[in-house]
Every structure is written in structure tokens, then in C-alpha cells.
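Residue numbers (my numbering), protein chains in the order written: chain A, 416 to 1002; chain B, 426 to 584.
Worksheet for the structure shown next.
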């Protein structure tokens, strides 16, 4: 332990603790900007670059960045001396001197950490007049980049490279011209970017934001010739409340359904329903592959999940030799779209062109996923627009509603009922657990003695377990973060030494609950943890907790699809993957 | 992702250099140093090939190339011009000489003339402060430069 004095208060911390953390422990909150941490989730960004957190250490000539300076025995630290306050203000004023002050029109208005910092320091004018950066604006189908607003905190670069191993973004140039960019300052969409959007989730300012589709949806809702159908993903219901001042981890399922109905959607359905459908298809595919191997036939194992479009894009770009590993099952979003525009449109007697399907997702990659050519019929998409949790919150406010005041309502039938297994899709390990509940019972013909597979729960980046299927040991792995997924793919490519049968991958920290379309967590991993707890609470409270027992799922197989992985399922509920890797063309 | 378009010969050269450094990502600066020595500059496709061979993101390679002033994506001219902006040369009017070179060649610092003949760069001190201000063209040193002399020395390279 190390003893030191911070602002005249004695503090005792473990060796290796930074001044920033020691001060927090003592109830002293030094402001930060570039520093970013997801505690317990292996993400820390501390380039020590912005100098907002500088403090005075007695005996040192220069001010020290609190985020990158370890505590030493006997240190005397001042976090609010005149010298420190003056320096901190100057630092922020200098950052603001090269920052557009268009806060009113900025996507990040109200969520911006620089705005909050300027407010906290009481900055009323910017005394420095200097050159302003001017970069070309750029966007993909999911992410918008306005680098004039970049403060070079490099959080996005750390996220893109260390956590996701995507490597689309890097700091380039030097001095005043330094900025974060794809290689050669080309379009992000032409790079290795997979649209996971985590750069947007961690960006403190409005440099990286989402592509806003609210007006597209509002237009569809106002069009009397369109039947507008909405589906909402599992992770949305445990996070949306935060945008309306509710405690993180508040479950708002009923209020969400009510709000969607008041927005004017004709049918308020649930992606949880198609999550149950996904389990039927993916679980059957898993059992099919395992059985083949047991019979001595050839089959590709492990089966990787394919719900996460960031992950799908990632393996298409990085592992073109392994496209036969992931499940061919479409994601719940796309399964829903296919069912809505094929089965449901026919059922209510309208043409698919007169139906607009909107999804509410915790995700930015879903915006790109629904635009994939293979998910459209003659240019008519199965899912027309995908909105994030944040966009939905904006929309509810724009429509003069307050989620707090909504009554509890149910989803519509028949694409609205779901089980606990579908609910947990939102958390890392959830798809795995849901699949195990169903695959176990179908394979063994027995009822599961316990439904909770706690070994695949929690916020560890990689979790493994062996599940006993009546004497057959099924080896499973669960990971989030694409760097973890990359390591897993490389391990499998090198002979799968741990003999995995089934691997779940989610791109975002903690799974979809930590998705890039969720309310900003600003590095507070407790928020992700509380969303996870809420997810499992919702599951535990469901009367039915196994996908294959969802009566509406049973009914649709009886009425329409026949059997999981049958002919019609393959046509509508499964997809194929493309080699999207970089190739060498020798001239 | 966009494909890499590169000649077989250049790809072979890049592969050999990367291999000589064990195809290690950590050697990227050394690799780029050697590759630039070979090609004279680091065009896009060469950087892409280096990234592929070292199995690192091309964004990181470009990040390094754009950070260090030593690395260049511009091909050098047949006659590379370096203007010394070290203290001695600077106080004796090197900037005026540089401005005149820019005007006559119609290029900025770091660029190459459209005919590929001259490239213009600046450096700090060539160890000939007694002759300040100093301009080098290729290996030849021109001392006590003035803007008036620029036309004449460029004229020496009318080949």
C-alpha cells in the first residue's frame, strides 16, 4: 500500500494506483476527457494526451496527468490549486479553439463530454482564435464521421484496434494536422470497418455519430398507404428507460410497447419472437452438425452464432476460408423481416411493397445489415429501417410522449410472444444459453433439470463450459469483443484443440446490452452490468423460458414452415456469406 | 474492402524485405525504411502490401508513414532539391530562397514537379554553415544562395 495526501486528505491505495483513481476513492472527482475505462471489462484508454486531468505534485516542476501518473509514498497532490485550475481551463479553451461551436445542431447535444466539461469549468468565452480544422465528412450506412469535432482522445482508435482488432482507424499525420482516420483518408466504408459502431459509443464528442433514420420512419408512419410494422430487440427494453431518467437496469417492456403504439405503428411486434425462431433454426443446425460428426460423417464444427451483424461482417472480411463455420441462420432482425414480409403480409392480405418493417435495435451494424442486397426482394427490403435505442428515445420525445407515463401494454399477436430464452439474447452468453435449453431437450428428449447455465453468464470476455447432453459432452465458448473472436477463429483454424462444438460471438462489450445504439454509458460499466441483471430478471419472470415451447413458434411451424431447417426455412430464414476480404490483383 | 493492385515485381520486393524482418508487425518501421530505400517513396499499394505481409492493419502503416517526415508518398524527382532551414541558413535568408524555388518550380515543399524532374524538400543543417544559406541538388552543394541565383542553378539541369 502507498500513503499520500490529496487536497490535504490522507489517502491509502494499492501500489500502481493512478492519482486519478486514488482521488476518486477519496471522493475527489478530477475531470477527464481522453481517459476512458470500462472497469472489469478489459478496456482502458489513457494516452495522457488531453491534459484536462493535470494535477500539481509537490516537488515536481511540471503538472502531472492524473490518469497516467502512479501514486508514490509520501506524495502531496493538489487537484484544485490556482495553478491547476488555470492550466485546466487553458487546456479546455485551447481544445475549444479548434472545435466547431454548433452544439445546437450537433447529434451529441446533451450527451457531449466536452460540452459537459465546458459547463463544469464555467467557460464563457474562448480567448484563443486560431486555425479551424476542416476535414471531409464521411459516412457508412451506420457511422457518420465529422473529424472537425475530433479532440484526439483516441478512444475510437483503442476500441477499433485493441478491443475489436478491426484496425479500420488509426491516428494519422502529426501536430495540428493529427486526426483519427482510415488509411489514406479514404472512406470508412471501403476500409476493414465492420460497422460495429463501438467507436461511436466511446467518442466523447460529436466526431463519430450514428446515421439517423428517424425522418425515414416518421415519413413511413405518416403515409396512409403503408402498414408499418415494428419489432424491438431484447436489449432495448433494459436500456431505453435511461433516456427518460430511469435507473439503469429498469425493465420497460410494457411501456415500450405502449409508446410504439402511440407513435402510430400499426403492428407492435417483438424481435424476441424471432429470437425464439432463431433458436429453433440454429439449434437444429447445431444438432444436425453434431449428429453428423457422431455418425462419422463430415461436418464443420464448431458452429458459430450468426446473430451479430458486426461479427458477420468481421468474419467475411477476415476469415474468408472459414465461411462454412457460422450458422446459416439469419439474425433475429432479418428472420423477423422475412416472416413479416412473406408470411404476415400474406396473412393480412397486403403486398409486401405496402408494408414497412422497422426494427428498434441496440445496434449500429443492424442499419448496414438490413441494407444487404440478399435481404431484399426486387429492391424491397425485408427490414426497411433500423432505429437505435437512442433514436427511439428521441422519437418518443419528438412525438410529445414521456416513457415514464406510458401504461404497461402487451405486444401484438402473432409475432409478439416470446420466452425467457429470447430475452437473454441481449446479454453475452444469452444466445448460447437459449440454444442449450432447446438443443438439450430436443437431443435428449428429457426435461432440463435446471434452466440457468450460469457458467456462460457474466461479463468475462471469453467463457467456456462443457455441458453434459446425456453422456455427450458439448464444449461451448462465449466471447464478446472482436479481438476475442479473432483469437477464437485462429484457434479453430489451428485444429480446434479444445474441441469446441458451439461458439457464441457478440461484437460489443457485454453483448447487445453494451451495443453502439444503446444510451451512452460514458465508460460506466456498472450500467452494462445492471442492464445484464435486468435481462436475467426478465427471463426468470417469464412463464415460458424455452424457445421450443413458445406456442406461436410451434404454430408457425405447423401452419407455414413445416420444420426447422426445412425447405421453406432454408429459403426464408437462412442466408449465405460472402468473401469480402482484401485480395491482391497482380498487374 | 478494396483490393490491392500491385505489379508482380514490386510485390516480390516487398515480400522479400518483409521476410528479411521475419514478417513481424513490430518491425514495421524498419521494413518501411528499407522499402522506401528500394522504391524511393511509399505509394499506397506498397503500404498495403507491407500491411498484408506483416499481418497488421493498413491504417497503422499509413499512420506511421504520415507521422514521420522521413517517409514520403511522393516519388522523388530526378534531381531532389533540399533547402537548409537550419538556424544559420535561416537567419541569412534561406526562406526567401525557398520561396523563389517554390515560385519557379510551381510546387510546395514535399512535392515533385509534374514532369518528375525536381522534388523540393527542406532539412535542418548539412554541416556547411559557413556557406549559409545552403541548397543541395542531388549531392551537389550550392552555398551563399540568393533568390537571384535560383534560375541559374536550375538551368544547370536542362538535360
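Where is the CB? At the ideal position from N, CA and C, for every residue including glycine.
Member of the options whose CA lies at the smallest distance from the CA of residue i
i: residue 872 of chain A; options: A:992, A:437, A:981 and A:841; result: A:841
i: residue 488 of chain A; options: A:419, A:906 and A:445; result: A:419
i: residue 551 of chain A; options: A:569, A:602 and A:536; result: A:602
i: residue 458 of chain B; options: B:521, B:435 and B:442; result: B:442
i: residue 821 of chain A; options: A:469, A:421, A:655 and A:549; result: A:655
i: residue 923 of chain A; options: A:906, A:913, A:908 and A:875; result: A:875
i: residue 995 of chain A; options: A:732, A:641 and A:530; result: A:732
i: residue 466 of chain A; options: A:482, A:452, A:898 and A:629; result: A:482
i: residue 807 of chain A; options: A:943, A:623 and A:778; result: A:778
i: residue 482 of chain B; options: A:506, A:508, A:585 and A:974; result: A:585
i: residue 886 of chain A; options: A:858, A:659, A:904 and A:909; result: A:858
i: residue 940 of chain A; options: A:457, A:595, A:615 and A:877; result: A:457
i: residue 658 of chain A; options: A:637, A:867, A:804 and A:669; result: A:804
i: residue 623 of chain A; options: A:959, A:680 and A:553; result: A:553
Proximal residues to residue i (C-beta, below 8 Å), its chain only, five neighbours per side dropped
i: residue 977 of chain A; result: 983 and 984
i: residue 832 of chain A; result: 685, 688, 826, 965, 966 and 967
i: residue 718 of chain A; result: 697, 700, 701, 704, 740, 741, 742, 916, 917 and 918
Residue i, DSSP secondary structure in three states
i: residue 666 of chain A; result: coil
i: residue 892 of chain A; result: strand
i: residue 570 of chain B; result: coil
i: residue 883 of chain A; result: strand
i: residue 852 of chain A; result: helix
i: residue 989 of chain A; result: strand
i: residue 467 of chain A; result: coil
i: residue 510 of chain A; result: helix
i: residue 913 of chain A; result: coil
i: residue 458 of chain B; result: helix
i: residue 624 of chain A; result: strand
i: residue 505 of chain A; result: helix
i: residue 1004 of chain A; result: Lying before the first or after the last residue shown, residue 1004 of chain A is absent from chain A, which here runs from 416 to 1002.
i: residue 832 of chain A; result: coil
i: residue 950 of chain A; result: helix
i: residue 796 of chain A; result: strand
i: residue 965 of chain A; result: coil
i: residue 745 of chain A; result: coil
i: residue 907 of chain A; result: helix
i: residue 801 of chain A; result: strand
i: residue 1011 of chain A; result: Nothing can be reported for residue 1011 of chain A: it is not among the residues displayed for chain A, which extend from 416 to 1002.
i: residue 826 of chain A; result: coil
i: residue 867 of chain A; result: coil
i: residue 482 of chain B; result: coil
Other residues of its chain near residue i: CB distance less than 6 Å, five sequence neighbours each side excluded
i: residue 814 of chain A; result: 678
i: residue 486 of chain B; result: 472, 475 and 476
i: residue 570 of chain B; result: 522, 558 and 560
i: residue 890 of chain A; result: 881, 914, 915 and 916
i: residue 582 of chain B; result: 504
i: residue 784 of chain A; result: 724
i: residue 810 of chain A; result: 629
Spatial neighbours of residue i in its chain, beta-carbon cut-off 7 Å, leaving aside the 5 residues before and after
i: residue 583 of chain A; result: 575, 597, 603, 606, 607 and 608
i: residue 838 of chain A; result: 649, 687, 950, 953, 954 and 957
i: residue 370 of chain A; result: The structure shown does not extend to residue 370 of chain A, since chain A spans only 416 to 1002, so no value can be given for it.
i: residue 435 of chain B; result: 471
Bridge partner(s) assigned by DSSP for residue i
i: residue 495 of chain B; result: Note: residue 495 of chain B sits in no beta bridge, so no partner.
i: residue 939 of chain A; result: Bridge partners of residue 939 of chain A: none, in fact.
i: residue 646 of chain A; result: A:774
i: residue 562 of chain B; result: B:506 and B:565
i: residue 420 of chain A; result: A:425 and A:491
i: residue 543 of chain B; result: B:504
i: residue 878 of chain A; result: A:893
i: residue 559 of chain A; result: A:554 and A:624
i: residue 445 of chain B; result: None, per the DSSP bridge assignment.
i: residue 921 of chain A; result: A:895
i: residue 430 of chain B; result: A:1000
i: residue 596 of chain A; result: A:585
Contacts that residue i makes with chain C (C-beta to C-beta distance below 9 Å)
i: residue 548 of chain A; result: No chain C appears in this structure, whose protein chains are A and B.
Could you list the residues in the stretch 579-600 of chain A with a C-beta less than 7 Å from some C-beta on chain B, going in chain order?
Answer in chain order: 582, 583, 584, 585, 586, 587, 588, 589, 597, 598 and 599.
Selection of the stretch 503-529 of chain A by Cβ proximity to chain B, strictly under 7 Å:
So nothing in the stretch comes that close.
Could you name the residues of the stretch 487-498 of chain B whose beta carbon sits closer than 9 Å to any beta carbon of chain A, in the order they occur along the chain?
Taking 9 Å as the upper bound on Cβ-Cβ separation, chain A lies near residues 487, 488, 489, 490, 491, 492, 493, 494 and 498 of the stretch 487-498 of chain B.
If the cut-off is 8 Å on Cβ atoms, which residues from the stretch 456-471 of chain B count as contacting chain A, listed in chain order?
Residues 469.
Listed from N- to C-terminal order along the chain, which residues in the stretch 427-448 of chain B have their beta-carbon within a distance smaller than 8 Å of any beta-carbon of chain A?
Within the stretch 427-448 of chain B, the qualifying residues are 427, 428, 429, 430, 431, 432, 433 and 436.
Taking a Cβ distance cut-off of 8 Å, strictly less, list which residues of the stretch 989-1002 of chain A are near chain B, in chain order.
Within the stretch 989-1002 of chain A, those residues whose Cβ lies closer than 8 Å to any Cβ of chain B are, in chain order, 995, 996, 997, 998, 999, 1000, 1001 and 1002.
The stretch 729-740 of chain A: which residues have C-beta closer than 8 Å to a C-beta of chain B, in chain order?
So the close ones are 732.
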